[in-house]
Structure formats: structure tokens, C-alpha cells
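In my numbering, the protein residues as written are 495 to 1355.
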């Protein structure tokens, strides 16, 4: 066995360039799989950890069942504490506020989930009860005392230092009545609850919070600590049911971890897309590995024949080739793990930007390392099986007579039949067999890979056709030497096919990503134009009174102002199950003066839709909800309100991607009537034509900025930020396409190097007959150019198919209604990249061919 290992290592060392290129392909494949796995796990772990650690030892959480109602009376505590199995019931009041000195300063920040509230998150707690479920790591000063009359606050140390707030001094925070002055008595670490709101967090006594935020006897949440005998999963489920029965359906009893479920669901679709494209990238790497070992077997035909002559059996030959593959896979996987961890850190930093969520710890579980390394090893072995089997079939006499590579015409014909069958089967699955979710998208993605595999098997039979179609163009670019080079491509069609396949996959990925980006970009731009309508966006971290609308409209230079209120609500499904939705409430009359909705193909006049909305008892729904649940104009949708369950007629369907499209739109009249809310989350302001937008912005800030805790920002700036954020979310997919093109370029280097090596004597003869070094280079580049043309052309064809499948999958799984648009720019860019990559990758082999010494080349064996 040791001799076989030494023989495998010697064989790999004997071909350093090919070994290096193949290893690099394995390294990239493993690194891509691992880095995306680590990024996904770390992101979800950070989200889960945030909610878990901030909840401390809490076993169950009680909130208002109707999300739109906010808080509830603290009298419920007596009923909760009387339930057997409850050791402690800890009340909590949450308030989003601002430091008075920072009010109306800074820019509005956006994340993957929308506008980031910012400001300071304040928890009103019972210091004694809260210590039973949460741990605050005190770094300086003292913690809160039970005295209800104390106006004290404890802040996160980093937040205090950032805002120059000193222990023992006072800080002013914004409240509904204006501001409140609190003494800073302690500083805590950014751990546990201190991680909330990215560290912009503080705690004050519950009584103080109820008083300064004008919420007497009200709380938002009750954290339950179960008795020691009731903390098993089974017992907690029983306690949860008992509590739900005791306090009624007006309240919701759940587990702390479920609070992060919505956030996790919002990023899961994005992460699924990354996983799909990472699989396609490593699929491209498989062609590179297969090609490299096929070349190795061809090059070592005489060597293998000698070994067979000396008594090595076919099975021993196969084992020897597979042993070399395993050796290479182990080295490549080990290096890929290192590179994957390094790449993951960069991807995590990028993820932090558009999630607005710190991912402080990089999760590198052993399962992810084993899985990514396992994929690298399995893909390498699978790609090497056919070359190893071919090596085992070599007979000693045939091997000793072989002097070059010849394509097996029967294998080409067989590949054509198999490839045609695979492609037809994949097309039938994609376009003719409607497979329901959740397995439908997976089957379609597998069918796309099948199409690519089928296309790769068809390439050898079509090489001659491509050469004839491009012969004149290649000759115009590279002259007669180019024509000679393009003809050489038919001499090793299988080798060419595998290189072209890798290039084809890279081009197809570019086109698919561009097509999806264009589809989203068009819909999102039209939505953003109305979602952030008008000229100025007025926002505050705390709810704004509705009387601000008239005050803003009265500012010189303002044509109109309209309020918007975002609300979490629950929809009642036909089976009675409650589903969380977002509700956006508007005042139809003023809203129409500032902006409008992006209506889909709803039947009717937009003005009539707005009139119906103003009349009440109707809603608009997003196209996502419409597609996902088959809801149509004229149907009804039931929402939970403060007045009970209420059916609303669907007046129109609009494009709205807020909250992943899980959103409905209602009138201000229904907001007040059914949800008993009359404050605003934001205001859209339209400036008079000819007025100076910047001057109007400064005037609003001067009049109401500090008084009303406002942040005023240009809508164009906000739109640019939103579009930039969308660009960042698609950049990760661009990285995968870039990696796929790197793998393809390695394939070109590998193929052209082998072609030069195989034709060394021929090149020497041509040089001896007068061919110059430059002519030799042009001949090699012409051959590579044709590989780029075929790879780009086939990548274009399969990319267009793949992009349609990807958009169809997104529509069926997420409920979107994206329209496919031909990615013209993507087509041009991908073709240019394919040609550029093929030429750039061929420079090294071409230079090597040009440097050959004539005498040595003629004598080469």
C-alpha cells in the first residue's frame, strides 16, 4: 500500500502544473461550499443567540396575541403567577427612544428588513424579578434598585462611551411629553440583553418607564421562569397549554427562540439561492477534475502499459488512479477548508451590512467541515471514475503502440444519444411536469444541472460545426495561423468538450444572476418610487402624533404631506391558523397628492381603487400574497383587530416588497376604527415645484426636528441607499459566478497546456519549416478563442433556460410575480468575459509553445 501511495505522489509531482490547477479547482469548490455554509450558519446563529441570550433563563414568553395592540394591562401577572409550574413571572415594557441631544441628527439607515429604527432601546423592568431570568454583566457603578421613584438608567458601556455619557451624570431621553432626565448609575457589558439594538440599549425601573412614556399600568411582555420540575420539553409544552387556557386567546404564549423565527425566515430564501449557485459552481469544478485525470491517463498510456506488462491487473490500475485522486482530494479539501474559513469572514462582514446585525462569532461546526471536505472528495472521486475505468481497459500491446490522443467516435456517438436523452428529460421536467412545492424547486434545480450535463455530452459531436461556423472570423483575427489553430480543436474533442462545459456553466451563472437581478430591479425600482414617494422622508424612532401632518403641510415650500403607519397584524387563514403580516396604513386623500401605489393588472381605475380604500372596510394586498395564496381582486381577507376578527374586501393588488411582500394596505380610517391607532411611523412630503428641496428640509428640521425628534432626509438619497443595499445583496451571487469563471479559466489552461505538450513534436516541425514564435502564439490563441466562442455560445443558450427556471422557482417558492426580461447587457458581458477568459488563460500555454527549442521538440517523446 505504501508503494502505491509513493507511486501516486510521484505521479502528481511529475506533472506540477496540472496537479496545481486541479488542486486549485478542488480548493475553490470546497471553499465556496464551506464559506457559504459558515456564513449561513453564523448569521442564523447570531440571530438565534441574540434572542436566546437577551431572554436569559426565560422558558416561556407571553405577549399580546394581536400584534397591533402593543401592550396590555399588568394585572394579568396575578393570573399568571397563580398557575402551577410558574416560579416567576417577570414584566417588561419596551420603548424605542432617542437621546435628546441626538434627536433629528444623522441619516436614516436601511437593512435587509427595511428602515432600522436606531436610537436607544429602553427596557422598563422590575429589578428584583428580572434578575431571576436575565443576567446583566455590570462593568461600572451599580444596578437598579426596587425604588419606584428613582429616575435612574443603566446603559451599555460602549454606547455610553460613543456618546460621551459619563457614569454619575444625567442623560436626557425623548418621551411623548418632551424629554426625561435620568441619572446614569451603572454601565453593563455588551453581552446578553446588552446585545439588543446593536448595543444601543438601557434599562430603567418599570414604574419609571410607565410614567415617562405615558403607559400607566401597561406592559409589553411577561417572561416566565418555570419551576425546576417543569423545565423539560414535555413539561414546558404542558405548561404552555395550561397558561394559554388560563389567560385566554387574547394573549400569545410561546418559546423565546420563536421570536427570531421571522428574521430567520426572511433570510432563508436568500441563503437557499446562495446554496443553489454554490452547487452549480462545484459542478463546474467536476469537469475540470475529470478533464485533468483524463489527460493524465492519456499521457501515461505507455507507462500504464508497461505496468500492465509487469503484472499489474486492471483493478490495480483503477485503484492507482483513484488513489491519486484521493490524495489530490485530501490536499485540496484541506486547503479549501482554510480558504473557505477566510472567505467566510469576508462574506459575513458583507452580510452584516445589509442585515444591520452584528455577527460577532463565526460558527465553524465540525459537521460543516466534514460536509464540505466530503463533497470535495466525493466529487473528485466521481469525476475520476471514468478516467480510472478507461485506464484499467488499456491493454499492454495497445499502450505500447499509442503515440497520441485519438477520440473514440463510438463514445462520441454514445455521448450524443445519452446527452440528447438527458436534455429532453430535463426539459420535460422543467416545462411540462408541474411538480408541487416544496420538492418542485429542488427537482427543477436538478433538471437544470441535468440540462448542463446533457449539453456537455453533446459538445464533442458539435465541435466540427462550431469550427466551420467560426473559421472565417478566426482567420480574420489571427490570419492563416488562426485557421490552423481552430482546426486543431477537432483533434481532441472530449478534452475540448469538458473545458467548454466549465466555461458554459460560468457564462450560464452570469446570465442567470443578471436575469434575476433585472427582474427584481425593475419591480423594486417601481415599488421604491412609490414606497418612498414625494421629495422628503420624515421619520422618528418613536411614534409621531398625527397632528404633524397639518404642521408639515403648512411649512413654506411644501405642497402636501401624508402620514404612513406600519403595523404588525395577524391574518386568520381559512383553517383558523393565524399568520403574521405587516399592515401599511395611509390617508388616501393626502397620499394621492404625494405618491401612489404600484398597481398590478387589477381590473379598474387606480383613482377608483383609492376611493374604495378611503371608504373603508377594504384593503389592498401585495402581489406576493396574491400569488402565494391565490387571492384575487374581490376576495376577502380576515384580520385580527381590536374589535375582533374582521373581513376586508380586496379592492386591488399592488407591488409591495415590504416584509418580504407579506403586507396589506389599509386606510387611516380603518386604522383608527379597527386597530385604534392614530400615530404615524413616517411622513412623505412633496415639495412645491420650483421650491428649494434642501431649504425646505432645513426649515422642517428647524421648526420640528428637535421638538418632535425627527430625522428628515431626501427621498432621492434614501432611494439610492435602498438600491445600493439591493446591489450588495446580489454581490454575493456575483462572487460565485466569478469563482465559476476562475474554474473555467483553469480548465482552459489545463487543456491548452496538454494540447501543446501532446503536439510538441508537431510544433517543432512547424518551427523548423519557418513558423515564427509569434505565429505559434497566434495559433494557440486561435484554438483557445474557439473554446471561448463555443463555451460562450452554449452558456448563452443554457443560461437563458436556467434564468427562466430560476425566476420560475423564485415565483413559486416566494410568491413573487417576477417577469422574465432578456438580460441583454448580461449577454454581452458574459460573451466578452468568456472570450477574454479563454484568451487570458491561453497566454501561458502559448508562451510555453513559443519557447520550445526546435531540436528538443523534434526529439520529444
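For glycine and all other residues, C-beta sits at the position ideal for the given N, C-alpha and C.
Residue 704 has its alpha-carbon roughly 5 angstroms from the corresponding atom of residue 710. Burial state of residue 1277 is buried, judged by a 10 Å Cβ sphere holding 16 or more other Cβ atoms. Closest in C-alpha terms to residue 834, from the list 812, 1321, 1233, comes 1233.
At least 8 angstroms separates the beta-carbon of residue 815 from that of residue 877. Just measuring C-alpha positions, the residue of 633, 652, 587, 921 sitting nearest residue 620 is 587. Looking at 804, 832, 1029, 1110, the one whose alpha-carbon comes closest to that of residue 1209 is 1029.
Using a Cβ distance threshold of 8 angstroms, residue 1247 and residue 1317 do not count as a contacting pair. Considering only 1134, 1113, 1136, 1138, the residue with the shortest C-alpha distance to residue 1126 is 1113. In the DSSP assignment, residue 585 falls within the unbroken beta strand (DSSP E) covering 580-591. Sorting 880, 1169, 968, 719 by C-alpha distance to the C-alpha of residue 749 places 719 at the top. In this structure, residue 1165 lies away from residue 1031, with their beta-carbon atoms at least 8 angstroms apart. The stretch 618-634 and the stretch 668-677 do not touch, with fewer than three beta-carbon pairs separated by less than 8 angstroms. Fully enclosed alpha helix (DSSP H) runs of no fewer than 4 residues occupy 1318-1344 of the stretch 1288-1344, in order along the chain. The count of Cβ pairs closer than 8 angstroms, one atom from the stretch 1040-1056 and one from the stretch 1190-1210, reaches three, so the stretches are in contact. Here residue 783 is not near residue 532, since their CB atoms are 8 angstroms or more apart. Per DSSP, residue 668 is one residue of the beta strand (DSSP E) stretching across 664-669. Counting only unbroken stretches of 3 or more residues, the beta strand (DSSP E) elements lying wholly within the stretch 684-723 are 695-699, 715-720, in sequence order.
Non-local beta-carbon contacts of residue 628 in its own chain, meaning distances under 6 angstroms to residues more than five positions away in sequence, involve 550, 687 in chain order. According to the DSSP assignment, residue 1190 belongs to the alpha helix (DSSP H) that extends over 1187-1194. Taking the C-beta atoms as reference points, residue 1158 is found nearer than 8 angstroms to residue 1075.
Around the beta carbon of residue 1319, fewer than 16 other beta carbons lie within 10 angstroms, which makes this residue exposed.
For the pair residue 1346 and residue 1261, the CB atoms are nearer than the 8 angstroms cut-off. By the C-beta density criterion, residue 658 is exposed, having fewer than 16 other C-beta atoms within 10 angstroms.
Pairing residue 1160 with residue 948, the inter-Cα distance amounts to about 51 angstroms. According to DSSP, residue pairing for residue 1038 in a beta bridge involves 1174. Comparing alpha carbon positions, the residue from 1055, 1115, 1344 closest to residue 1206 is 1055.
Using a 10 angstroms sphere on the CB of residue 737, the tally of other CB atoms reaches 16 or more, which defines it as buried. Distances from the alpha-carbon of residue 1145 to those of 940, 1168, 1116 put 1116 closest. By the criterion of a C-beta distance shorter than 6 angstroms, residue 979 is surrounded in its chain by 1273, 1276, 1277, once the five residues flanking it on both sides are discounted. When the Cα atoms are used, residue 517 and residue 825 turn out to be separated by approximately 7 angstroms. CA-to-CA, the gap between residue 863 and residue 831 works out to about 7 angstroms. Secondary structure of residue 642 (DSSP, three-state): coil. Nearest to residue 698 by C-alpha distance, out of 647, 820, 655, 716, is 647. By the neighbour-count criterion, in which a residue is buried when 16 or more other Cβ atoms sit within 10 angstroms of its Cβ, residue 915 is exposed. The closest CA to that of residue 921, considering only 725, 1169, 937, is found on 937. In this structure, the beta-carbon distance from residue 681 to residue 635 falls below 8 angstroms.
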